[in-house]
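Chemist: In the numbering used here, the protein residues as written are 454 to 892.
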Ligand code: SAH
Ligand code: SF4
Ligand code: F3S
């Protein structure tokens, strides 16, 4: 390897992966590595991968293939994250120039794995899978997001939804102690962050190993950390969505008025085949609690269309649920068969074109729902946290507490910094964003 220890890291996938990368970067820096912006400048090239949908593995191999010539220049490659855990040592067979393969459940061993790499070892693996009860906690997190401090409170997943790779890629559910979480929240506040996002594949399955706080109590406690103005949390699972979460949002204005509650389907039959462990009625009861809140809590969801055996009637039930809940944001996906998952044996019966058609119908309908929902904000004054500035257009972008994107202008000569809060009067609305001017 080159004498100066440098690394390039690229991240794919969800916020958990994005935050894992912040921790991996901090760990590497602690080990004497310097981060660089291009593969060509790095002695170690790392991809933190995602395998949730489509042919994700193939994309990683294609990417590695593009850069494999750099191996001869002494550069080393590592594959991290969900594809690493899923494919394991098979990666060495398909891409022999890869030296390190590690899933997220093994990151706590990164310093040791890096030492072995530096000593010239190859085929180094961290594939702890579902054996470990340990979480990855480090004081060296290198926070890359200028306005949002992430905290993972629970890792892994025990739900085994029949379509999903996550239980196989991220290990079993394990929570961090509430005192450790609160300690990190205070450190984040000391760094100057005012927004915290609590993360977990099922964030509300949180179980304090110290037995002190429930999830709702932890939310309230984080919301009361001095200096913190916004607390978000994702992703909630309907199965564990309890009423006290809504009560906490009601009681603490620092908890953002937004809940992301993936439903996946509006058909009881399909939900059963997905092993989601709730019915549409169970789900809608929880939506009822959220809508009964004193605050206007914004709702968003994930939906899969074209799950094996989904009939036209099942799909209509999903459309009915969409109309009933009136979400502010929907992430819609075509079902994609994934390795190791139970749904793999079900016949992926819906042709790709039909899946695409259903997704389009769903998203078109949702766009109309959002057009109406967003229009309700016209002339309101919303508190917006600045996320970025587009100097070319003189526009500032940010989000409301409800997580709605707001693009606005300001008469200030100096552009507001990310993380600043401004009151913005809404002057126009679109189905996916609000437009306004700072007051
Ligand atoms: N833990 C969260 C979501 C994790 S993955 C939850 O249970 O809600 C994010 C989203 O990807 C899921 O909500 C689901 O809608 C989608 N997804 C997961 N596996 C998929 C697959 N095999 N095909 C299509 N979409 C999938
Ligand atoms: Fe996947 Fe289901 Fe776990 Fe979510 S709850 S990560 S969809 S298995
Ligand atoms: Fe992808 Fe793994 Fe997240 S599969 S969505 S990176 S948990």
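We treat Cβ as the ideally placed atom computed from N, Cα and C, and that holds for glycine.
1. Under three-state DSSP, which class holds residue 772?
2. Could you pull the start and end residues of the beta strand (DSSP E) that residue 862 belongs to?
3. What's the call for residue 485, buried or exposed, on a 16-neighbour Cβ count within 10 Å?
4. Extract the residue ranges of the alpha helix (DSSP H) inside the segment 636 to 668, only unbroken runs of 4 or more that lie entirely within it.
5. Is residue 657 near ligand 3, judged by its Cβ being under 7 Å from some heavy atom?
6. Look up residue 831 in the DSSP assignment and say whether it is helix, strand or coil.
7. Taking 7 Å as the line, does the beta carbon of residue 732 fall inside it for any heavy atom of ligand 3?
8. Hey, is the segment 818 to 837 in contact with the segment 788 to 801, meaning 3+ C-beta pairs nearer than 8 Å?
9. Exposed or buried, residue 465, counting other C-beta atoms within 10 Å across all chains shown (16 or more means buried)?
10. Three-state secondary structure (DSSP) at residue 703?
11. Between 747, 600 and 881, which lies nearest to residue 835 when the distance is taken from Cα to Cα?
12. Does the contact criterion of 3 or more C-beta pairs under 8 Å hold for the segment 872 to 888 versus the segment 638 to 649?
13. Out of curiosity, what's the CA-to-CA distance linking residue 619 and residue 572?
14. According to DSSP, is residue 752 part of a helix, a strand, or is it coil?
15. Can you look up residue 882 in the DSSP assignment and give me helix, strand or coil?
16. Which residues mark the beginning and the end of the alpha helix (DSSP H) in which residue 787 is found?
17. Just to confirm, are residue 654 and residue 623 a CB contact at a threshold of 8 Å?
18. So if I measure from each beta-carbon to every heavy atom of ligand 2 and keep distances below 6 Å, which residues remain?
19. Assuming residue 733 and residue 721 make a contact with CB atoms under 8 Å, what is their CB distance in whole Å?
20. Using three-state DSSP, classify residue 622 as helix, strand or coil.
21. Relative to the C-alpha of residue 441, which candidate in 502, 621, 888 and 474 has its C-alpha closest?
22. Roughly how many angstroms separate the alpha carbons of residue 553 and residue 829, rounded to a whole number?
23. Using a Cβ-Cβ distance cut-off of 8 Å, determine whether residue 695 contacts chain C.
24. If you reduce the DSSP assignment to three classes, tell me which class residue 480 lands in.
25. Less than 7 Å between the CB of residue 470 and some heavy atom of ligand 3, yes or no?
26. Considering only the beta carbon of each residue, do residue 561 and residue 530 sit closer than 8 Å?
27. One question on the structure: do residue 577 and residue 569 come within less than 8 Å of each other, judged by their Cβ atoms?
28. Would you list the one or two residues that DSSP bridges to residue 502?
29. So what does DSSP say about residue 714, is it helix, strand or coil?
30. Name, in chain order, the residues that DSSP records as bridge partners for residue 462.
Modeler: So, to answer that:
1. As a working mapping, residue 772 is identified with position 319 in the chain shown. In this structure, residue 772 counts as helix in the three-state DSSP scheme.
2. Indexing the chain shown from 1 puts residue 862 at position 409. Per DSSP, residue 862 belongs to the beta strand (DSSP E) from 858 to 862.
3. Within the chain shown, numbered from 1, the residue matching residue 485 stands at position 32. So residue 485 ends up on the exposed side.
4. none
5. In the chain shown, counting from the first residue as 1, residue 657 sits at position 204. No, ligand 3 has no heavy atom inside 7 Å of this Cβ.
6. Numbered from its first residue, the chain shown carries residue 831 at position 378. Coil, per DSSP.
7. Sequence index remark: in the chain shown, residue 732 carries index 279 (1-based). False, no ligand heavy atom lies under 7 Å from that Cβ.
8. no
9. Taking the first residue of the chain shown as position 1, residue 465 is located at position 12. Buried, by the Cβ-count rule.
10. Along the chain shown, one-based indexing puts residue 703 at 250. If DSSP states are grouped into helix, strand and coil, residue 703 belongs with the helices.
11. Taking the first residue of the chain shown as position 1, residue 835 is located at position 382. Ranking the options by Cα distance to residue 835, first place goes to 881.
12. yes
13. One-based indexing of the chain shown puts residue 619 at position 166. One-based indexing of the chain shown puts residue 572 at position 119. Their backbone Cα atoms lie some 33 Å apart in a straight line.
14. As a position in the chain shown, residue 752 is number 299, starting the count at 1. Three-state result, residue 752: strand.
15. The sequence position of residue 882 within the chain shown is 429, counting from 1. Three-state result, residue 882: strand.
16. Locating residue 787 in the chain shown gives position 334, counting from the first residue. Note, residue 787: premise wrong, no alpha helix (DSSP H); beta strand (DSSP E) at 782 to 787.
17. Numbered from 1 along the chain shown, position 201 holds the residue referred to as residue 654. Numbered from 1 along the chain shown, position 170 holds the residue referred to as residue 623. Cβ distance < 8 Å, so residue 654 and residue 623 count as in contact.
18. 610, 612, 613, 614, 617, 619, 620, 654, 655 and 690
19. Here residue 733 corresponds to residue number 280 of the chain shown, with the count starting at 1. Here residue 721 corresponds to residue number 268 of the chain shown, with the count starting at 1. The pair is a contact, with the Cβ atoms about 6 Å apart (cut-off 8 Å).
20. For the purposes of this step, residue 622 is taken as the residue at position 169 of the chain shown. Three-state result, residue 622: helix.
21. Any answer about residue 441 is impossible in this case: the structure gives the chain only from 454 up to 892.
22. Counted from its first residue, the chain shown places residue 553 at position 100. Counted from its first residue, the chain shown places residue 829 at position 376. Near 52 Å, if we compare the C-alpha coordinates of residue 829 and residue 553.
23. Given the protein chain composition of this structure (a single chain), no chain C is represented.
24. Here residue 480 refers to the residue found at position 27 of the chain shown. DSSP places residue 480 in helix when its eight states are reduced to three.
25. Reading the chain shown from its first residue, position 17 is the one you call residue 470. True, at least one ligand heavy atom lies under 7 Å from that Cβ.
26. By 1-based counting over the chain shown, the position of residue 561 is 108. By 1-based counting over the chain shown, the position of residue 530 is 77. Result no, Cβ atoms of residue 561 and residue 530 do not sit closer than 8 Å.
27. As a first step, residue 577 must be located in the chain shown, where it is residue number 124. As a first step, residue 569 must be located in the chain shown, where it is residue number 116. Yes.
28. Numbered from its first residue, the chain shown carries residue 502 at position 49. According to DSSP, which records beta bridges pairwise, residue 502 is partnered with 534.
29. For the purposes of this step, residue 714 is taken as the residue at position 261 of the chain shown. DSSP places residue 714 in coil when its eight states are reduced to three.
30. Position 9 of the chain shown, counted from the start, is the residue given in the question as residue 462. Note: residue 462 sits in a beta bridge opposite 499.
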